[in-house]
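Numbered according to the numbering used here, the sequence shown spans residues 14 to 327.
The beta-carbon is built from N, C-alpha and C at its ideal position, and this holds for glycine as well.
Let me begin by presenting the structure, written as structure tokens, before commenting on it.
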Amino acid sequence: MEELNCEMIHSDEVQNKLPIFLKKWWLDVVAKDKWFYLFVAKNDMIAVWPIVESKKLFLRISKMPPLTQYLGPYFIVNSNSKPSLSSTIEMYRILLNRLNHINIFKQRLNLTVKNLLPFLWQGFNMSIRYTYRINTKESDLNTILLKMSPTRRRKIKKGMNLLLIEKGEVDEKFIRLIKKTFYRKGNRAPSSIELLKEVYKASLKYDAGIIINALEPKNKEICGTSFFIKDNFSVYYLIGAYDERVDTNGLASSLLLWEGIKIAKENDLIFDFEGSILEGVEYFFRSFGGDLVPYYEVSRIKPGILNLAYKFFH
Numbered sequence: 014m015e016e017l018n019c020e021m022i023h024s025d026e027v028q029n030k031l032p033i034f035l036k037k038w039w040l041d042v043v044a045k046d047k048w049f050y051l052f053v054a055k056n057d058m059i060a061v062w063p064i065v066e067s068k069k070l071f072l073r074i075s076k077m078p079p080l081t082q083y084l085g086p087y088f089i090v091n092s093n094s095k096p097s098l099s100s101t102i103e104m105y106r107i108l109l110n111r112l113n114h115i116n117i118f119k120q121r122l123n124l125t126v127k128n129l130l131p132f133l134w135q136g137f138n139m140s141i142r143y144t145y146r147i148n149t150k151e152s153d154l155n156t157i158l159l160k161m162s163p164t165r166r167r168k169i170k171k172g173m174n175l176l177l178i179e180k181g182e183v184d185e186k187f188i189r190l191i192k193k194t195f196y197r198k199g200n201r202a203p204s205s206i207e208l209l210k211e212v213y214k215a216s217l218k219y220d221a222g223i224i225i226n227a228l229e230p231k232n233k234e235i236c237g238t239s240f241f242i243k244d245n246f247s248v249y250y251l252i253g254a255y256d257e258r259v260d261t262n263g264l265a266s267s268l269l270l271w272e273g274i275k276i277a278k279e280n281d282l283i284f285d286f287e288g289s290i291l292e293g294v295e296y297f298f299r300s301f302g303g304d305l306v307p308y309y310e311v312s313r314i315k316p317g318i319l320n321l322a323y324k325f326f327h
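And the structure:
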């Protein structure tokens, strides 16, 4: 194994190759000072794994930070090399052994993680999750539109004719609409609106975020808003909100996601709906004609006696 240091992992050379949720600037915002990188290198391959860690009484706990779709080990491979399965398994073993001090661990893994055997061998439990994705490199916008359900196409086209689109920001109108949407669904608003502001501010600095509003044309009242973030691979639907009182036909939600897909197309990126396992949300995302893509969540509680403690603190 080759020697690495934090400076190398924090360098632009490495950071530019990581998905957005694994980047230092993102983690500095959503996890503050409660995270660190695990990393290991072998031959022409580097494995980078962000870990968020906190302590409650005698327990060391690692869970997902807010607004973050996934973490998990990410392998940066020299384009001219093809790493062996044995090499990657060895690197997984080293990384996982460095988690032995954590009592309670739960994390969603990024979509590149396919081999779960190292996790099974270390006693992790796992569950499968899904997202919908559209690879805009493979189709033009008209073809993407034709793959959608007739209802979704109709609402997008109607929205184009009846609504205005403009760039937005995390201002009072955005926050009010976010809160209203969550309360309407019987949920609490995101735990920290201030965190959304911080993420938006940082995303502008790193050219990674855009908010789009849909407006009712007569009085310019906002019908809906969506916050998208992007890296060198994908555009992600981070959060959205819609005012059913104004957007009575549900056009804004369809049109705004279409605008996100167009951003992905302009940059030759994948559009990721950050899929939900909720049946109603899944049906809505599915109607856009994307590919159903699995990813995994792993968890472990050690030693076994801590199961009761986990139920108490979770």
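Between F132 and V311, the alpha-carbon positions lie close to 8 Å from each other.
Under the three-state reduction of DSSP output, I115 falls in the coil class, being neither helix nor strand. The three-state reading of DSSP puts V27 in helix, counting H, G and I together. Counting only runs of at least 4 residues, the region 225–256 fully encloses no alpha helix (DSSP H) element at all. V43 is bridged by DSSP to nothing; it lacks a bridge partner. Taking the C-beta atoms as reference points, G273 is found no nearer than 8 Å to R146. Taken atom to atom, the span from the alpha-carbon of Q120 to that of Y83 is near 7 Å. In the DSSP assignment, V311 falls outside any alpha helix (DSSP H) and within the unbroken beta strand (DSSP E) covering D304 to I314. Straight-line spacing of the CA atoms in W39 and N123 works out to 15 Å. Ranked by Cα distance from N128, the options E26, K150 and Y105 are led by Y105.
Assigned with DSSP and collapsed to three states, M58 falls in strand. Put simply, the backbone Cα of I252 is about 11 Å away from that of G288. Counting only runs of at least 4 residues, the region 123–155 fully encloses the following alpha helix (DSSP H) elements, listed from N- to C-terminal order: 130–134. Within the DSSP bridge table, the entry for Y50 names P63 as partners.
Counting only residues of its own chain and dropping the five nearest sequence neighbours on each side, M21 has a CB closer than 7 Å to the CB of V27. Comparing alpha-carbon positions, the option among I314, G263, F246 and Y309 lying closest to D281 turns out to be F246. In this structure, the CA atom of A227 is about 38 Å from the CA atom of I89. The beta carbon of R73 lies closer than 7 Å to those of E66, H114, I115 and N116 in the same chain, with the five residues before and after it left out. Between M139 and Y309, the CB-CB gap stays under 8 Å. Per DSSP, the beta-bridge partners of L177 are L228. Distance from the CA of S162 to the CA of S152, rounded to the nearest whole angstrom, comes to 16 Å.
The Cβ atoms of L176 and L264 lie closer than 8 Å to each other.
When secondary structure is reduced to three states using DSSP, K68 falls in the strand class. Secondary structure at F301: coil, using DSSP grouped into helix, strand and coil. By DSSP's assignment, D285 forms a beta bridge with R146 and Y249.
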